[in-house]
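> If you scroll down you'll find the structure; I have some questions about it.
2 protein chains.
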Amino acid sequence: MSQDERPAPGLRERKKAKTRAAIQRHALRLFHEQGYEATTVEQIAEAAEVSPSTFFRYFATKEDVVLYDAFDPILFAQFAAQPAELSPIQAIRRSVREVFGTLTAEEMTEQWERAMLVLAVPELRMRMLDTTVAATQQFAQMVAKRVGRQANEPAVRAFAGAVVGAMLAAADLDTVQSMGDYFERVDASLDYLEAGLPL
Amino acid sequence: MSQDERPAPGLRERKKAKTRAAIQRHALRLFHEQGYEATTVEQIAEAAEVSPSTFFRYFATKEDVVLYDAFDPILFAQFAAQPAELSPIQAIRRSVREVFGTLTAEEMTEQWERAMLVLAVPELRMRMLDTTVAATQQFAQMVAKRVGRQANEPAVRAFAGAVVGAMLAAADLDTVQSMGDYFERVDASLDYLEAGLPL
DNA sequence: ATTATATTGATAGTGACTATCATTAGTCAG
DNA sequence: CTGACTAATGATAGTCACTATCAATATAAT
Numbered sequence: 038m039s040q041d042e043r044p045a046p047g048l049r050e051r052k053k054a055k056t057r058a059a060i061q062r063h064a065l066r067l068f069h070e071q072g073y074e075a076t077t078v079e080q081i082a083e084a085a086e087v088s089p090s091t092f093f094r095y096f097a098t099k100e101d102v103v104l105y106d107a108f109d110p111i112l113f114a115q116f117a118a119q120p121a122e123l124s125p126i127q128a129i130r131r132s133v134r135e136v137f138g139t140l141t142a143e144e145m146t147e148q149w150e151r152a153m154l155v156l157a158v159p160e161l162r163m164r165m166l167d168t169t170v171a172a173t174q175q176f177a178q179m180v181a182k183r184v185g186r187q188a189n190e191p192a193v194r195a196f197a198g199a200v201v202g203a204m205l206a207a208a209d210l211d212t213v214q215s216m217g218d219y220f221e222r223v224d225a226s227l228d229y230l231e232a233g234l235p236l
Numbered sequence: 038m039s040q041d042e043r044p045a046p047g048l049r050e051r052k053k054a055k056t057r058a059a060i061q062r063h064a065l066r067l068f069h070e071q072g073y074e075a076t077t078v079e080q081i082a083e084a085a086e087v088s089p090s091t092f093f094r095y096f097a098t099k100e101d102v103v104l105y106d107a108f109d110p111i112l113f114a115q116f117a118a119q120p121a122e123l124s125p126i127q128a129i130r131r132s133v134r135e136v137f138g139t140l141t142a143e144e145m146t147e148q149w150e151r152a153m154l155v156l157a158v159p160e161l162r163m164r165m166l167d168t169t170v171a172a173t174q175q176f177a178q179m180v181a182k183r184v185g186r187q188a189n190e191p192a193v194r195a196f197a198g199a200v201v202g203a204m205l206a207a208a209d210l211d212t213v214q215s216m217g218d219y220f221e222r223v224d225a226s227l228d229y230l231e232a233g234l235p236l
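Going down the list, the protein sequences come from chains Z and G.
Sequential numbering of the first sequence, starting at 38, is according to this note's numbering.
Sequential numbering of the second sequence, starting at 38, is according to this note's numbering.
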């Protein structure tokens, strides 16, 4: 108690965090209950007891309520922290394991449901793809650092693109029906990339 | 003249084709002159001398005016037509060369400008990505056929995803500044994939 | 307590897109 | 050629995401 465990950053900041969380919670609940498109921003605002104006102050778009995604930075940090002697693909494999290994069953379910929502709604799926492709450049830079090359070299870019492409292809709703399935597929894809795309 | 070169499909159909072409032409011109976002559907409709209602009868969204893309099917057909003994990557390389080799300088410029527009406008870029990812499944099926495997095998999906991912990574505005640059990069990426992603 | 500042809600707008319906124009028998 | 059938059009009214603005309110700082 003597130490500031959480710096308790003033009433104003705490209120903002609460408001943001309330909006997101009610939004996700309503999306689950009525579907994404059938839920209007007005409804979300009303449920969270704020005005529509306030909604847009916290989330620039309706999509952002779902896509505010803290995973990319965590995954990147984990990737950077892997021992330098690992190959990029081995580093990816370990990063994925370590990041998702810490999730509770509940968090896992929540992530899975969110993923289903994103894949099901074209609007959300498209935004997710866009941010993923943008993240590919960042990934290329980290790979470059790891193998001692330049990030703008065609080989490095192609490698990063191929890895991301293969990971996206692993997220296929027809054959993947659970988080466990998905991890198996990601692992298999990484094996396949490591083997040099043998056909 | 004795043969029907174009079946001349009735006045109604000819008018529709004309209207569609007029809308698209004026839309692309206005996008070029004023920018995509600054151009409203109302302006396009007015320029093409139709009502806004009619605009949406021809194009479901404003985006579709730009993204109505005839290239994917042509590229797929060309890929399917490549000799069976070629490896998938060799077949891709040849298909790309053959499809774009037939373009005139003017068509080339037009395609380049359209590509720039798509990459510059988030809305368009996202839709393009979505259709590209969707096309990956189709591509996986064709690859499967070529190598005598099933399209839902992880290896086949991962291969298709990796190829598409690497191709997308080749379309990088920082390092690619012309259609010629782009083809070089695509070729280099295919080499790299063929070599088994050596780092 | 008082001043300065951050946050809010209300209001009014824009623009993409949908639904509906009467009018018009192309088609096809007879 | 004419009239009935059908497809295409334009007008109207509406929904919803999102923006801009501004007065009212809540927090922070002095």
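Yeah, the Cβ is synthetic: ideal placement off N, Cα and C, and Gly gets one too.
Closer than 8 Å by beta-carbon distance: list the chain Z residues that pair up with G/Glu-163, in chain order.
The count along the second sequence starts at 1 and reaches residue 163 of chain G at position 126. It should be pointed out that residue 163 of chain G corresponds to Met in this sequence rather than to Glu. Those are Met-163, Arg-164, Leu-166 and Asp-167, listed as they occur along chain Z.
> Buried or exposed: G/Pro-120, going by 16 or more other Cβ atoms within 10 Å of its Cβ?
The residue you call residue 120 of chain G lines up with position 83 of the second sequence. G/Pro-120 is exposed by the Cβ-count criterion.
> Using only CA atoms, which one of G/Thr-169, G/Asp-167, G/Glu-190 and G/Thr-168 lies nearest to G/Gln-178?
Taking the first residue of the second sequence as position 1, residue 178 of chain G is located at position 141. Comparing Cα positions, the closest option is G/Glu-190.
> What residue range does the alpha helix (DSSP H) around Z/Ser-132 cover?
Taking the first sequence and counting its residues from 1, the one referred to as residue 132 of chain Z is at position 95. Where Z/Ser-132 is concerned, the enclosing alpha helix (DSSP H) stretches over 125-138.
> Just by C-beta distance, which residues in the segment 171-187 of chain G are closer than 7 Å to chain Z?
Within the segment 171-187 of chain G, those residues whose Cβ lies closer than 7 Å to any Cβ of chain Z are, in chain order, Thr-173 and Val-184.
> Tell me which residues share the same chain as Z/Val-78 and place their Cβ nearer than 7 Å to its Cβ, disregarding the 5 neighbours each side in the sequence.
Translated into the one-based positions of the first sequence, residue 78 of chain Z becomes position 41. Excluding sequence neighbours, Z/Val-78 sits near Pro-89, Phe-92 and Lys-99.
> By a C-beta neighbour count over all protein chains shown, 10 Å radius and 16 as the cutoff for buried, is G/Arg-164 buried or exposed?
Within the second sequence, the letter at position 127 stands for residue 164 of chain G. Buried.
> Excluding the five sequence neighbours on either side, which residues of its own chain have a C-beta within less than 8 Å of the C-beta of G/Pro-235, listed in chain order?
Position 198 of the second sequence holds residue 235 of chain G. Answer for G/Pro-235: Tyr-229, listed in chain order.
> Which value, in whole angstroms, describes the spacing of the CA atoms of G/Leu-65 and G/Val-103?
Within the second sequence, numbered from 1, the residue matching residue 65 of chain G stands at position 28. Within the second sequence, numbered from 1, the residue matching residue 103 of chain G stands at position 66. Cα-Cα distance, rounded: 7 Å.
> Closest by CA to Z/Gln-214, which one among Z/Met-153, Z/Pro-159 and Z/Asp-167?
On the first sequence, position 177 is the one that residue 214 of chain Z refers to. Ranking the options by Cα distance to Z/Gln-214, first place goes to Z/Met-153.
> What residues of chain G sit near Z/Ala-199, judged by a beta carbon separation below 7 Å?
Here residue 199 of chain Z corresponds to residue number 162 of the first sequence, with the count starting at 1. In chain order: Ala-199, Gly-202, Ala-203, Leu-230 and Leu-234.
> Tell whether a beta-carbon distance below 8 Å holds between Z/Ala-188 and G/Ala-203.
Position 151 of the first sequence, counting from 1, holds the residue named residue 188 of chain Z. Position 166 of the second sequence, counting from 1, holds the residue named residue 203 of chain G. Going by C-beta atoms, Z/Ala-188 is not nearer than 8 Å to G/Ala-203.
> Can the beta-carbon of Z/Ala-232 be found closer than 8 Å to that of Z/Tyr-219?
Translated into positions along the first sequence, residue 232 of chain Z becomes position 195. Translated into positions along the first sequence, residue 219 of chain Z becomes position 182. Contact: no.
> Please check if any C-beta of chain Z sits within less than 8 Å of the C-beta of G/Pro-46.
Here residue 46 of chain G corresponds to residue number 9 of the second sequence, with the count starting at 1. So, not an interface residue.
> Does any CB atom of chain Z fall closer than 8 Å to the CB of G/Leu-104?
Counting from one through the second sequence, the residue named residue 104 of chain G turns up at place 67. So no, G/Leu-104 is outside the interface.
> With 8 Å as the C-beta to C-beta threshold (strictly closer), list the residues of the segment 124-144 of chain G near chain Z in chain order.
Ser-124 and Pro-125
> Which of the three DSSP states is assigned to G/Pro-191 in this structure?
For the purposes of this step, residue 191 of chain G is identified with residue 154 of the second sequence, where counting begins at 1. G/Pro-191: helix per DSSP, three-state reduction.
> Assuming G/Leu-166 contacts Z/Asp-167 under a Cβ cut-off of 8 Å, what Cβ separation, rounded to an integer in Å, is found between them?
The residue given as residue 166 of chain G occupies position 129 in the second sequence. The residue given as residue 167 of chain Z occupies position 130 in the first sequence. G/Leu-166 to Z/Asp-167, Cβ: 6 Å. Contact.
> In chain Z, which residues lie with their C-beta within 7 Å of the C-beta of G/Pro-120?
Counting from one through the second sequence, the residue named residue 120 of chain G turns up at place 83. Correct list: empty, because the minimum Cβ distance to chain Z is about 16 Å.
> Relative to chain Z, which residues along the segment 83-96 of chain G have a C-beta separation below 8 Å, given in chain order?
none
> In angstroms, rounded to a whole number, what distance separates the CA positions of Z/Leu-156 and G/Ala-114?
One-based indexing of the first sequence puts residue 156 of chain Z at position 119. One-based indexing of the second sequence puts residue 114 of chain G at position 77. Roughly 28 Å separates the two Cα atoms.
> In angstroms with no decimal places, state the Cα-to-Cα distance between G/Ala-84 and G/Tyr-73.
Looking up residue 84 of chain G in the second sequence gives position 47. Looking up residue 73 of chain G in the second sequence gives position 36. Between G/Ala-84 and G/Tyr-73, the C-alpha separation is close to 15 Å.
> Please report whether the beta-carbon of G/Ala-157 lies at a distance below 8 Å from any beta-carbon of chain Z.
Translated into the one-based positions of the second sequence, residue 157 of chain G becomes position 120. No, because no Cβ of chain Z sits closer than 8 Å to the Cβ of G/Ala-157.
> Between Z/Asp-218 and chain G, is the shortest Cβ-Cβ distance under 8 Å, so that the two count as touching?
Looking up residue 218 of chain Z in the first sequence gives position 181. Chain G contact via Cβ: absent.
> With burial defined as no fewer than 16 other Cβ atoms inside 10 Å of the residue's Cβ, what is the status of G/Thr-173: buried or exposed?
On the second sequence, position 136 is the one that residue 173 of chain G refers to. That one is buried.
> May I have the straight-line CA-CA distance separating G/Arg-49 from G/Glu-86, to the nearest angstrom?
Looking up residue 49 of chain G in the second sequence gives position 12. Looking up residue 86 of chain G in the second sequence gives position 49. One C-alpha to the other measures close to 17 Å.
> Note down the Cα distance separating Z/Ser-112 from Z/Ala-118, rounded to an integer number of angstroms.
Translated into positions along the first sequence, residue 112 of chain Z becomes position 75. Translated into positions along the first sequence, residue 118 of chain Z becomes position 81. The sequence given here places Leu at residue 112 of chain Z; Ser does not occur at that position. Using only the alpha carbons, I get a separation of about 10 Å.
> Give the residues of chain Z in contact with G/Arg-222, contact being defined as C-beta atoms less than 8 Å apart.
For the purposes of this step, residue 222 of chain G is identified with residue 185 of the second sequence, where counting begins at 1. In chain order: Pro-191.
> Whose C-alpha, out of G/Gln-80, G/Arg-57 and G/Glu-143, is nearest the C-alpha of G/Phe-68?
One-based indexing of the second sequence puts residue 68 of chain G at position 31. Residue G/Gln-80 is the option with its Cα nearest to G/Phe-68.
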